[in-house]
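Undergrad:
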Amino acid sequence: MMTNLPTLRIPVWTLLAAVWIGLVAPAGAQPPDFTGLVERVSPAVVNIEATRTAEAAFRQGAPQFEDEEIPEIFRRFFGQPGMPAVPRDRTSSGSGFILSQDGYLLTNRHVVDGADQIVVRLVDRREYDAEVIGSDAQTDIALLRIQGSDLPAVAVGDSDALRPGEWVVAIGSPFGFDHSVTAGIVSAVGRTSRMSGQQYVPFIQTDVPINRGNSGGPLFNTRGEVVGINSQIFSNTGGYMGVSFAIPIEVAMNSVQQLKHTGRVSRGLLGVNIQEVTREMAQSLGLSRPRGALVFGFSEDSAASEAGVQLGDVIVSYQGRPILRSSDLPPMVGATAPGTKVSLEVFRDGRTLKIPVSIGALEGPPATARAEDRERAAGTPLGLVVQDLTEAQRTELGLEKGEGVIVTAVSGISARRAGLQEGDVILMVGRDKVDSERRFRELIAGAEPDRPVMLLVRRGEQSQFVAVTPRKAED
């Protein structure tokens, strides 16, 4: 006699789904196995240790001990924080990758900025001293070189071909754990950074776990090609929260070629001040929806103004590429070689007009401060070297003609303690405006030793006064 078996009731839609997954869905729909990729590319990924030596840190005025770094036992023995600084080396760690067999490699600028000694370690434990060939603050990249031959090198991919949902892999040294592998997907492309001064970088957003120490490391596609440089995370805690940003390799390689040949990075310049188009503005202007970049001002000798762009125009297309947000325009212009003729589409009085424009040049500052500039800085009253701003730099910073000088080297102890950095703009000395390097030197020439001088300093979009004490003649 047959025993009655329990009836298994399965909905029809479940059966159909099972058939789809098992028979129809492509194999690529399953999470990929990255083991072969990692074995192939890891030799070209490096750990970078950047050290500011105790001697140089003391000379430059860098703090030697942060209060929170002092062990509790020493706090109790010596009393409250604020005890005399103990000279010591300060070391930071990051990641990078080798570009060519003759020793060129890439990392983030912030990983090596200000370092006196840079050590590069390969996965096979080889170590090399590295020199900085050049760096670019706008893209936050640094080009280094080590003395070696037949070194393992990465293959450079096409970051413009990345699509949201595509798998990507990061290899780096989070918290000092060398050659850690993490993976995720591309969340979005063309993202604008919220950090000041990086409007020319259309970031790749991913959900790849990135933490401190991953900076400068490569982001690979599933073919094992570098498509980005891991650079930033968005976090409320300081740790990974699912939103990471990488610099597209196309942007980085453009800067690399210029740093190799000229020591600085030049970008295209349209010469317009732009803002976002809101829904109310779109209705007022007659646009069907909010889009484009609204022109509200021009720089001096603006290429766009000379070509016929007017105040109130909305730039809706650049070289045939639509401008959905105002932040879309700067990366497109910056990636264009100066002197290139491009086509703009602007919306004006209910009509779309095509305007040809010859792109101008935005000359960046020298890639890194030269040794002779640092020596000059050491001999000045405030330990600073400044130079006149170019017109392009004024345009980028939104400054008027005859406003400010740019800091090119800092070596004074007091200036370092005040937080001054290369690239800062000094607008005033005391209550006197600074309009040239010559005027700056005149104003500080009579500064009394040990009597602090007030400087109005601008960095990015923020300005504030800082106090710097002149050095004594015998220092």
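Numbering follows this note's numbering, in which position 342 of the sequence shown is assigned residue number 330; successive positions increment by one, without gaps.
Using N, Cα and C, we set each Cβ at its ideal position, and we do this for glycine too.
Computed from a predicted model, the values in this text were never measured in an experiment.
Taking the beta strand (DSSP E) that LEU372 falls in, what are its first and last residues?
TA: Note, LEU372: beta strand (DSSP E), 372 to 376.
Undergrad: Go to ARG242, then tell me how far its alpha helix (DSSP H) extends in each direction, as first and last residue.
TA: Residue identity check: residue 242 is Asn in the sequence provided, not Arg. Its alpha helix (DSSP H) spans residues 237 to 250.
Undergrad: In angstroms with no decimal places, state the Cα-to-Cα distance between SER219 and THR39.
TA: Cα-Cα distance, rounded: 20 Å.
Undergrad: With respect to the alpha helix (DSSP H) encompassing VAL29, which residues constitute its N-terminal and C-terminal limits?
TA: Looking at the DSSP string, the run of the alpha helix (DSSP H) that includes VAL29 is 23 to 29.
Undergrad: From the DSSP output, in three-state form, read off GLU425 for me.
TA: Helix at GLU425.
Undergrad: Three Cβ pairs or more, each shorter than 8 Å: is that satisfied between the region 130 to 143 and the region 81 to 91?
TA: Yes, since at least three Cβ pairs between the region 130 to 143 and the region 81 to 91 fall closer than 8 Å, the two stretches touch.
Undergrad: Please check if any C-beta of chain B sits within less than 9 Å of the C-beta of SER219.
TA: Here chain B cannot be found, since the structure has a single protein chain.
Undergrad: Identify, in the order they occur along the chain, each residue of the same chain with its Cβ nearer than 7 Å to the Cβ of GLN375, setting aside the five sequence neighbours on each side.
TA: Excluding residues within five positions, the ones whose Cβ falls inside 7 Å are VAL393, ILE394, THR396, GLU425.
Undergrad: What residue from THR170, LYS329, ASP128, TYR306 has the CA that sits closest to MET320's CA?
TA: Among THR170, LYS329, ASP128, TYR306, the Cα nearest to that of MET320 belongs to TYR306.
Undergrad: According to DSSP, simplified to helix, strand and coil, what is ALA292?
TA: Three-state DSSP puts ALA292 in a helix.
Undergrad: When you compare only the Cα positions, how much space is there between THR378 and VAL244?
TA: Roughly 23 Å between the two C-alpha positions.
Undergrad: Classify MET416 as helix, strand or coil using the three-state DSSP reduction.
TA: Strand, per DSSP.
Undergrad: How is the beta strand (DSSP E) around ARG267 delimited, first residue to last?
TA: Here ARG267 belongs to no beta strand (DSSP E); instead the alpha helix (DSSP H) covers 267 to 273.
Undergrad: Quick one: complete beta strand (DSSP E) runs, 3+ long, within the region 93 to 171?
TA: Qualifying beta strand (DSSP E) stretches, in chain order: 105 to 109, 115 to 124, 129 to 134, 155 to 160.
Undergrad: If distances are taken between C-alpha atoms only, which option among SER287, LEU444, PHE233, GLU37 comes closest to ALA176?
TA: The residue with the shortest Cα to Cα distance from ALA176 is PHE233.
Undergrad: Using a threshold of 9 Å, state whether the C-beta atoms of ALA295 and VAL253 are closer than that.
TA: Result no, Cβ atoms of ALA295 and VAL253 do not sit closer than 9 Å.
Undergrad: Between PRO236, ALA103, ILE432, PHE165, which lies nearest to VAL111 when the distance is taken from Cα to Cα?
TA: With distances taken between Cα atoms, VAL111 lies closest to PHE165.
Undergrad: Leaving aside the five residues before and after ASN35 along the sequence, list all residues of the same chain whose C-beta is less than 6 Å from its C-beta, in chain order.
TA: Excluding residues within five positions, the ones whose Cβ falls inside 6 Å are ARG109, SER161, ASP166.
Undergrad: Could you compute how far the alpha carbon of GLN52 sits from the alpha carbon of ARG405?
TA: Unreliable placement is indicated for GLN52, whose pLDDT of 43 sits below 50; the coordinate value is still reported in the next sentence. Between GLN52 and ARG405, the C-alpha separation is close to 11 Å.
Undergrad: Let's see if you can read the secondary structure: which residues bound the alpha helix (DSSP H) around PRO318?
TA: That run of the alpha helix (DSSP H) goes 317 to 322.
Undergrad: To the nearest angstrom, how far is the alpha carbon of SER314 from that of VAL33?
TA: Approximately 36 Å between the Cα atoms of the pair.
Undergrad: In angstroms, rounded to a whole number, what distance separates the CA positions of ARG151 and GLY327?
TA: Spanning the two alpha carbons is a distance of roughly 31 Å.
Undergrad: How big is the Cα-Cα spacing for ASP289 and LEU385?
TA: Those two C-alpha atoms are separated by around 15 Å.
Undergrad: Helix, strand or coil: which one does DSSP assign to ILE401?
TA: Helix, per DSSP.
Undergrad: So, is ARG78 buried or exposed, given that buried needs 16 or more other C-beta atoms within 10 angstroms?
TA: Per the 10 Å Cβ criterion, buried.
Undergrad: Once you ignore the five residues that flank ASN224 on each side, which residues in its own chain have a CB closer than 8 Å to its CB?
TA: Cβ neighbours of ASN224 beyond the five flanking positions: none.
Undergrad: In three-state terms, what does DSSP make of ILE311?
TA: Three-state DSSP puts ILE311 in coil, outside helix and strand.
Undergrad: The beta strand (DSSP E) with PHE453 in it runs from where to where?
TA: 450 to 456 is the extent of the beta strand (DSSP E) around PHE453.
Undergrad: Which residues does DSSP list as the beta-bridge partners of LEU207?
TA: Partner(s): ALA158, GLY216.
Undergrad: Put ALA466 into one of helix, strand or coil per three-state DSSP.
TA: Because the chain is modelled from -11 through 463, residue 466 falls outside the range shown and cannot be assessed.
Undergrad: Can you tell which of GLU430, GLU391, SER83 has its C-alpha closest to the C-alpha of ILE414?
TA: It is GLU391 whose Cα lies nearest to the Cα of ILE414.
Undergrad: Just to check my reading of the structure: VAL174 and ILE198 have Cβ atoms closer than 8 Å, yes? What is that Cβ distance to the nearest angstrom?
TA: VAL174 to ILE198, Cβ: 13 Å. No contact.
Undergrad: Hey, how far is the Cα of GLY259 from the Cα of GLN246?
TA: Whole-angstrom Cα-Cα distance: 22 Å.
Undergrad: By a C-beta neighbour count over all protein chains shown, 10 Å radius and 16 as the cutoff for buried, is ARG97 buried or exposed?
TA: Classification for ARG97: buried.
Undergrad: Straight-line CA distance for ILE445 to GLU264?
TA: Note on identity: in this sequence residue 445 is Val, with Ile being the wrong assignment. Roughly 28 Å separates the two Cα atoms.
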